[in-house]
Structure formats: structure tokens, C-alpha cells
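Chemist: Quick one: structure below, then a few questions.
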Amino acid sequence: MKSGRGAENAFCHFHLGFRGLRVDAKYKPAEIEPKWQKFWEEHRTFEVEVDPKQEKFYLLEMFPYPSGRLHMGHVRNYSIGDVMSRYLVMRGKNVLHPMGWDAFGLPAENAAIENRVPPAKWTSSNIDYMRDQLKRMGYSYDWRREFATCDPDYYRWEQLIFVKMFAKGLAYKAKSFVNWCDRCNTVLANEQVEQGYCWRHSDTLVRQKDLEQWFFKITDYAEELLEWTEKLPGWPEKVLLMQRNWIGKSRGAYIHFPLERAVTDPETRQALDRIIVYTTRQDTVYGATFMSLAAEHPLAEVLSKGTSQEPAVRKFCDRVRREDKIKRSAEDYQKEGVFTGAYCRNTMTGARLPVYVANFVLMDYGTGAVMAVPAHDQRDFDFAKVYDLPIIPVVQPAERPELRAGEMTEAYEDEGLMINSGEYNGLLSEAFRRKITERLLQEGRGGPAVNYRMRDWLISRQRYWGAPIPIIYCEKCGTVAVPEKDLPVVLPQDVEINFSAGSPLKQVESWVKTRCPRCGGEARRETDTMDTFVESSWYFERFCSPRCDTGPFAPEEVGYWMPVDQYIGGVEHAVLHLLYARFWTKVLRDLGYVKFDEPFTRLLTQGMVIKESFACPGHGELKPAEIAADNTCAQCGAPVAERIEEGKPLVKVCKGHGYFFPEEVKAGKCRKCGLPLQTGRKEKMSKSKKNVVDPADLVDRLGADTVRLFLLFAAPPDKEIDWNDEGVQGAFRFLNRIWTLASQNLGKVKDIPAGTLVKHDFLAGAPDEVALFRQIHQAIAEVTQRLDRFLFNTAIAALMELYNALSGFDPDRGEDRPRRRALFRLGLETLVTLINPFTPHLAEEIWRELGHRESTFRLAWPTPDPKALLREEFELVLQVNGKVRGKAQVPVDAPEDELRRIALTHERVRAYTEGKAVKKVIVVPRKLVNVVV
RNA sequence: GCGAGGGUGGUGGAAUGGCAGACACGCCGGAUUUAGGAUCCGGUGCUUCGGCGUGGGGGUUCAACUCCCCCCCCUCGCACCA
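Rendered as C-alpha cells:
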């Protein structure tokens, strides 16, 4: 066949050495993909600049931590982003699509300890490797904008903003109980503690430590962060809800309870004559019968001073404070307390209330003091039962027998009518709540209050590999910010990573020792570094002008590109990164750097990639006799773990032999102990679960286009992908089929001049031509609609349908061969154009072979021809009693009467209506007729 | 416990209240090939061939995967928040 050589001739002059498709040529992604990647790089195809004449679109995927190699989750995230980016470019948008590195973090230090490689070196070699991997995927990033957050050119601006925040009181140092992870050797923010465990080490309990630490005053922005969750329609409701819950706003009141005897605060030397509580049920104040303080409450020990309770209170407070979070939040955590020896007065009734310290009261929330109303709060009820304290019901449920203290078996926590509440008896609790709040305010005994669950953001980390906090401590001048001209405070190199004496930076004397910028005297640097979530709170702004050296970014560029129009990333950042970034944006706004309120207009959270795993389940709960001396299972020698479950005492369980690779599994039994393995459990891919599939292997074997296509086809983007190797093969075969179809027909359509495609009246052709023409335009319409809604999987299904139509069409069979060939070419070109965002290498290659000179990257996205979408006939569905009994081809403009007549006279319909009275006929224009008998 | 999101063939998944199962994987049969993780053609929800089928039960409707009520199960988030 001559098509092969013809194609070769057409492109022999092309400088990259395109050889052309041949009939017998196989689809070889390993050859064409690197070729086009080189082409894009040489032609600087993906570089973008500010262009006020063009509509901008900022498309961003969450940048990766350079852990070493790309995993499937990255590839999914970035494939989604790349399809959208390429699609939007084709739609004529000026698309900013950058990539960089979230380069500070613990793994670099851990690697340094294990392999004696400096973190900087480890990180940069990882970046080099992963950058190559990203390029090998064909992603359309403007690589000129790349940076790593560990570059001093980046974090110097972060330090500058820190200094400005410090000046405004938005960054401050305070002593407090903080979360400490022994594995990380550092403190954690509240957001980084999951059910009492470290977010990075799900088996490491977080301990409480009393330390002086740096915080960002995110609570100043709590209300605004909350309000804006109502004004982000482009975000998934789920994420907004998680943020709202995290912020945790509640409305209530402060109430002052006078102490029977005033005490003196040992620190401030001030007289303290009252306990202030926060409550959302101020309507139950008449029912308060005792007072509960947190163990950390400053009054707890002061009140017991000099009483016989003093030693007991001290002992209790010490113990509770040392207990870890998981223990304190377990369901079966015994409600315990100790009497302080002091009393206060119920501010409304004057009753004498004993003051307790209770282990369930949190210093973190409200004022750390709670008025205890056992009749209407279950915790107080339980506590009162244990310590035999009085119960006074004050809210009477409607339509229920009267509450009697002695008969209550649980607290009544709902609304009702006030009783035992002086002149307020008979009021609705809800109305009384407003009334009493007003009165408390007028009488100076409290007043309305709003409380948030969210705490300030703890940003100190006692680690080396992070951005240094730009603070100097001077004996004379105190805590001094590093002046702007001295920034950046550069992280010293060649540091031995060693945590035996706290942060490694502490041990770098030459770096720590410095001069006070104010008085010039001897001073020492802060050795804490910033939480790495600080870097990821503003990197998207830096991408707008990554080399700016006069400020964190150039205002014109940020003004043009920001906010990010579409952000894409994992849902695991719903409250961490996404909340911090929103906060930081508002800070930048208030510092005058930016003019917008929110960084991300639309958010897409993509699902995980999961795969079946094989785990040895272990031997379950063990009795003491079944545990060997070295704390292993006596049956099989596997490690033993402690299990804490709601409402149950602590149990010891055999952990089993962990996970196995599929190829290690024989007959579904554990190789070590013979237990049947837990199979069929689909879990997030991870090394430890031995269920990872390395995208690099797949790219080597099947090509980047196949991997991209499969990840987008396997499921809608927000759902999990259940990995299966056959599915990837299917994607590969589909691309092979397109390739073969193109190469086999190239000779027939190659020489058709481009302009002639639109000149034919394909709708006047043979029926199969009309059908194909319609299919082409239907595909355009469907793929467009679906891409606009991120429904990549069904968009690809529409492309497959187009392919199926095209492959069933013979361009040489009918009479008007030039027209049929032109139509075929139109179909092929449309397919290539529409698939370009998904599989750009394949698209470029075929497009070039079809004789085009330009890259597909800026190809105009096609619009469907309305004439092609119009139909003359449609298939009328004929139902009897709602069941389909027949179909008929009917002109689209047939009147209702005609549709009715067709239905009633239809043979199949009559078979079901024969001898029965037709009760009703429903006619749905252009759809169906339902005959009811 | 509270909140959110889900339950559709052997599998992943499609369906503005209007033909359930698009598209693909897998499987079955056939063709072709020296071979193939290749290609092509046909079939594929179940069925006693009447029908029955979208977790179960009820309801609204001419018509329900879709709307309403009750229940079950799964996933995720939060969880002593006063």
C-alpha cells in the first residue's frame, strides 16, 4: 500500500525526524511520547505570560512533597489537572498551570539519619528524579515557574510575612500544653492530631507537653473563615462542612460565679473573687449544683491551698495532665474528680456550690470551667451520681411526667418549660435563654458569648529541615524580629541531624549565636522552624511571579492570575492545608499584599487509588497466658498490640504477620502461621500494605497516555479507583485501535485539503454517512458537556463510541468516494482533537501524520453543528401499563394525535390491549406513549 | 453517639421522573496467527421464557435507580466542645 511511503515523504523534512505511520506500524508509545515531550520543551509550548486581552484561568494541583518517586495518587491528581488544563487552553483560555515542590519536611531528616545524606541533597535529588517522572507523563506545566519551598529565595518572603505578623500580634509565643509526637521529635498542631495519634504515625500516641511555642492567631479569623464557607459554591459541600465543624462555633454566655472566699493569683498577685464559666445552656443556671474546673485551670490548685484537700488536688491534677489524649477521650474514660475544698455561689440562687476539679473538663474549650447542671447534662449527671451531689431539674419536658431528681436515670438535655427557676417558671427554655443572658449582662454577672472550638495554629517545630523562624532573643531587648534587610535567615548547611539534645539547630552554635539587631549585644537565634504547612499556604501566589526579588510576588501578576480558578487535590487536606491557606490569604490581604478574600474559587477533591491487600489477621484477643515473655504471640511469635475500643477495657491482640504481596500468597493462607488471610479488603495503596502499583513501570510498558487514560476512565474523579491491571490493558488496547485505524486509513484521507471538509453536505449522503456525521457532532457535544462537569469517565465513553462508529465506516464502499473519505477524515480529526487533552502524545502524532503543521496544544476546541444534532425521526417508545411493548420510528414533528394513533394501532401494543378498555393514554412528546388499560 | 456520602450485572461504572445496565473489564463461542499482555467477528443481568430485576419494606405517579417515609448495610469525617 502506498499510504506508508506517502506519509514518510510528507514529513521527511521535519527536524525531529518523524518517520510517519505505516500500515504495519505498531503503536509504540515509548518512541512517540519522549519525542513529543522534547518537541513541547523545545517549542516552549507550555509557557504562559500575563495577557490582559485574554481570559485567564489559573489551574492548580496540590504540589507534591518530593518523597522520591511519583505514586499513583500523584499521577491521578496531575492527570485530572492536565486534562482540564489542556481542555481550557483549547477553549481559548490563558491557562496558568505551574508545578513545584513542597520541599521541607520530616522524611528528609529521617533519611539523613538513616543514610547520612544531608536533607538538602536528598531533597534535590528526589526533585530531579520526580521532575523527570512528571515530564515523562507529558503534563503541560510551565516549568520556568518551578521552585522548591526550601529555596531561601522562597522562604525569605515567608519569613518577611512572619515578621509582619509578629508586629501585628498575629504571630506570638506562648507557653501551653502542646501535642508532642515522639517519633517526629516535635510538637504538632491540633489539626495534625487524629484521634489522639500523630497524623504521620498512626501508631504513635501524642503526648501533652508544657512548652513555649510559636502560634499564628488563626482564631482572629475564625468568624470570617466560617462565614466564607457559605460563599464558596465551587467547593464540595463535604469539605466546607468539615471546616465548619472544625471551627466549631457555638453561641452561649459567660456567667460569673462568686467565690465564697476570694483568693490571690500567685502569678499576677491579683485578687480573684469569681469563677467564670462558658455555657450554651444558660437557661439551666438555676439547676447548677456544683462547679467543675479543668486540671489545667489556674484556680484549680490555688483554691485548695491551705485546705485539707491540697495534696489530693495536686496529685489529681498532675495525674490528669499527664494522661494522653486518646485515654482522655476514650468512651469508657471514668469521670473522676476531686473536691478543691472551696465553694462558690450560684449567681442566681445564692446556693453554695462545691468546686471540683474534673478530668473531663477541657482547658482548651470555653474558660476551662463548667457550671455543672446534673439534671440537664449527662456528664454532670454521671459525675453527680458518683460523688452524691444534688440534682435539681429546671427544664420540664412537655407532655412527659414531671422530672423528679430522685427518679431520673439520665439527664434531660432537650428544651422544655422552666421550673425551679424563680420568677421565670413557666417560660420556654429557649425564650428564657435570651432573657437570662440579657439580665446577666445588665447586672455585670456575665453576658452573651460566642465560642470556637478551633485553637490557634501552633507553627513551632523542633526540627532542622524547615524555614527558620526569624526571631532573635536578646537579654536586654527581649524577643526581637529579624529586620527585613537581614532576611533570609538561612538554614545552615552541614548540620549533623541528631535529636538527642532537642532540635538539631540548637547544636549549631555558630548559627545560634548572633547579635541583637536592636542593641548590637550578644543574642541567640530562635531554633524552632516553621510547620511545613506554612509554605503550602502561599505557594500558589509565588507561582504567579516565582523569580520576583522585590517581594513575595509581583502585585500585577498576582492581580491577574489569582485567585486560583480550579484547585485539585486530595480530600485528606480538607481541614489542614485548605484551612491554613485560606487563613494565610486573609492575613496577606490585611497586610496589603493581595486584594481577594479567598485563594481557591473552585475545588475538586479527587478520590484515592485503592487495591486489594492480603493481611494476616493474627490470633485475635490474647489471654495473658498466650503472650510470650518478649511480648509476642505465643502461638506464632507475631507482635502483640494494645487495643483500645469504645466502652471496653484495654485488650491485647496478636497483630499477625502483616501484609503480603499477591505473589507471596498461596491458597489464601499466611505463610508463617497458616491463618486464612484477610483478602478482598481494598485499601489505599501503600508500601506497608504491599499493594502498590508503581506508575513508572506502567509508563515504561504501556506509555503515559495509557496510564492517563485509564486513571480518568476508571471512575469519576471524586470517587476511589479500584485498581485492576486488566483495565489498564483495556485503555492500552483502545489507543492501539485508534492508532491502527489511523494508520490503515491514512493513505485514503491524507491528501484531502483541509478546507474541503466543511464544504460537503454530509447530511445529504447515504444513511451511514448521515449517521456518522451525527455521531461526530454528538461526540463533540457530549465530550464538551462532560468535561465542563469533570465527568472524564463518561467523556471517554463518548470518545469510544465515536471510535466504534468510525471503525465501522468504510470510506471506500459507497458511490461518492471523495465525500466519504472527507467524512472519514472529519471523524478521525474530531476524534484526535477531542482526545488530545487525555492522550496528547498520541493526538500530536496522528495529527502530524494527517498533514497538519501545528501542535494540537492550541487547537481550537470544536463546536457541534446544530444541524447535525437535529433529527428528523426519533424512536417512539410504546408502553402498555408502563412496560415497554414496542418501538416505532416517527418524524420528530408528528403531532400528539399521530403518536397516539401509532401507539394504539401498533401490533405489539394491540396484543396487550386486546379485549381491554383503554383507560388512559399518556403522550410524552418526542419520547413515548403509555397506554393504560 | 452526631454529621455527611453511598448501596445498580461476575467487575469498574452509565442513566434532566420516561427503553435500567451506555462505555469498558472479565467471561463464552468463532476467525486469524509461527508466536503474542496482539487483532477481528458474535454473545453476555436473571429466567421455569409467563415474567423478574437498581440493599429491604411501604408510599406518591400513567411511569421511580431517580421523589417521600421506615429499616438494614458500607465508607468517610467528628466525637466528653459545657
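First residue of the first sequence? That's 227 in this note's numbering, and the numbers climb one at a time after it.
Every residue gets a Cβ at the ideal spot worked out from N, C-alpha and C, and that includes glycine.
From a predicted model like this one, the values you see are computed outputs, not experimental measurements.
1) By the three-class DSSP mapping on this structure, what secondary structure does residue 428 have?
2) Helix, strand or coil for residue 627 per DSSP?
3) Count the other C-beta atoms from every protein chain shown that fall within 10 angstroms of the C-beta of residue 882, then say buried if there are 16 or more, exposed otherwise.
4) Look at residue 706 and residue 695 and say whether their C-beta atoms are less than 8 Å apart.
5) Any idea what DSSP makes of residue 1080, helix, strand or coil?
6) For residue 280, is the classification buried or exposed, using 16 other Cβ atoms within 10 angstroms of its Cβ as the cut-off for buried?
7) Of the residues 295, 500, 282 and 300, which one's Cα is nearest the Cα of residue 289?
8) Decide if residue 1090 is buried, meaning its Cβ has at least 16 other Cβ atoms within 10 Å, or exposed.
9) List, from N- to C-terminal side, the alpha helix (DSSP H) runs of 4 residues or more that fit wholly inside the region 539-597.
10) If you follow the beta strand (DSSP E) that residue 412 is in, where does it begin and where does it stop?
11) Considering only C-alpha positions, which residue in the set 898, 1130 and 1140 is nearest to residue 1156?
12) Just verifying my parser: in three-state terms, what is the DSSP assignment at residue 1140?
13) Can at least three beta-carbon pairs, one atom from the region 346-358 and one from the region 1118-1125, be found at a separation below 8 Å?
14) By how many angstroms is the C-alpha of residue 704 removed from the C-alpha of residue 435?
15) Spell out a yes or no on whether the region 831-847 and the region 898-913 are touching, meaning 3 or more CB-CB pairs, one atom from each, closer than 8 Å.
16) Are the Cβ atoms of residue 518 and residue 566 separated by less than 8 Å?
17) For the beta strand (DSSP E) holding residue 1155, just list the boundary residues, first then last.
18) Could you give the DSSP three-state label for residue 915: helix, strand or coil?
19) Skipping 5 residues on each side, what residues in its chain have a beta carbon closer than 8 Å to that of residue 1006?
20) Quick one: what does DSSP say residue 730 is sitting in, helix, strand or coil?
21) Whose CA, out of 577, 674 and 509, lies closest to the CA of residue 622?
22) Tell me, please, which residues DSSP counts as bridged to residue 1183.
23) Given a threshold of 16 other Cβ atoms within 10 Å of its Cβ, counted over all protein chains shown, does residue 847 qualify as buried or as exposed?
24) Can you look up residue 279 in the DSSP assignment and give me helix, strand or coil?
25) Nearest to residue 359 by alpha carbon, out of 672, 922, 932 and 1149?
26) Measure from the alpha carbon of residue 377 to the alpha carbon of each residue in 717, 425 and 917, then state which is nearest.
27) By alpha-carbon positions, which one of 403, 966, 1065 and 321 ends up nearest to residue 1032?
28) Please determine whether the Cβ atom of residue 488 lies at a distance below 7 Å from any heavy atom of the ligand FMN.
29) How is the beta strand (DSSP E) around residue 983 delimited, first residue to last?
30) For the region 385-392 against the region 954-964, are there 3 or more C-beta pairs whose distance is under 8 Å?
31) For residue 407, which beta-bridge partners are listed by DSSP?
32) According to the Cβ coordinates, are residue 445 and residue 808 closer than 8 Å?
33) Which of the three DSSP states, helix, strand or coil, is assigned to residue 861?
34) Here's a check: name, in chain order, each residue in its chain whose Cβ is nearer than 8 Å to the Cβ of residue 1126, leaving out the five neighbours to either side.
35) With distance defined between alpha-carbon atoms, name the residue in 991, 866, 1040 and 767 nearest to residue 284.
36) Taking Cβ to Cβ, would you say residue 504 is nearer than 8 Å to residue 677?
Modeler: Answer, in terms of the structure:
1) In the three-state reduction of the DSSP assignment, residue 428 falls in the coil class.
2) The answer is coil: DSSP assigns residue 627 none of H, G, I, E or B.
3) Residue burial annotation: residue 882 is buried, with at least 16 other C-beta atoms found within 10 angstroms of its C-beta.
4) For residue 706 and residue 695, no; Cβs fall outside 8 Å.
5) Residue state for residue 1080 is assigned as coil, using DSSP reduced to three classes.
6) Around the beta carbon of residue 280, a 10 Å sphere encloses fewer than 16 other beta carbons of the protein chains shown; the residue is thus reported as exposed.
7) With distances taken between Cα atoms, residue 289 lies closest to 300.
8) Flag for residue 1090 reads buried.
9) Runs of the alpha helix (DSSP H) lying entirely within the region 539-597 and spanning at least 4 residues, in chain order: 551-555.
10) Boundaries of the beta strand (DSSP E) harbouring residue 412: 412-414, taken from the DSSP string.
11) That would be 1130, whose Cα lies nearest to the Cα of residue 1156.
12) Secondary structure at residue 1140: coil, using DSSP grouped into helix, strand and coil.
13) The answer is no - the region 1118-1125 does not touch the region 346-358, with fewer than three Cβ pairs under 8 Å.
14) Going from the Cα of residue 435 to the Cα of residue 704 covers about 24 Å.
15) With the cut-off at 8 Å, the region 831-847 and the region 898-913 touch.
16) No, the pair does not count as a contact, with Cβ atoms beyond the cut-off.
17) Run containing residue 1155: 1154-1158, per the beta strand (DSSP E) assignment.
18) In the structure shown, residue 915 sits in a helix (DSSP, three-state: H, G or I).
19) Cβ within range, chain order: 1056, 1060, 1088, 1089 and 1090.
20) Helix.
21) Among 577, 674 and 509, the Cα nearest to that of residue 622 is on 509.
22) Here the chain comprises residues numbered 227 to 1159, so residue 1183 is not present and cannot be evaluated.
23) Exposed is the call here.
24) Three-state DSSP puts residue 279 in coil, outside helix and strand.
25) Measuring from the Cα of residue 359, the nearest candidate turns out to be 922.
26) Measuring from the Cα of residue 377, the nearest candidate turns out to be 717.
27) The shortest Cα separation from residue 1032 among 403, 966, 1065 and 321 belongs to 966.
28) Questions concerning the ligand FMN fall outside what the structure shown contains, since it holds no ligand whatsoever.
29) Note, residue 983: premise wrong, no beta strand (DSSP E); not H, not E.
30) Taking 8 Å as the limit for Cβ pairs, the verdict is that the region 954-964 does not touch the region 385-392.
31) DSSP lists 412 as the bridge partner or partners of residue 407.
32) Contact flag unset, no.
33) The three-state secondary structure of residue 861, taken from DSSP, is coil.
34) Apart from the 5 residues on each side of it in sequence, residue 1126 sits with its Cβ closer than 8 Å to the Cβ of 1147, 1149 and 1155 in its chain, given in chain order.
35) Selection 991, 866, 1040 and 767 evaluated against residue 284 yields 767 as nearest (Cα-Cα).
36) Yes; because the gap between Cβ atoms is below 8 Å, this pair is in contact.
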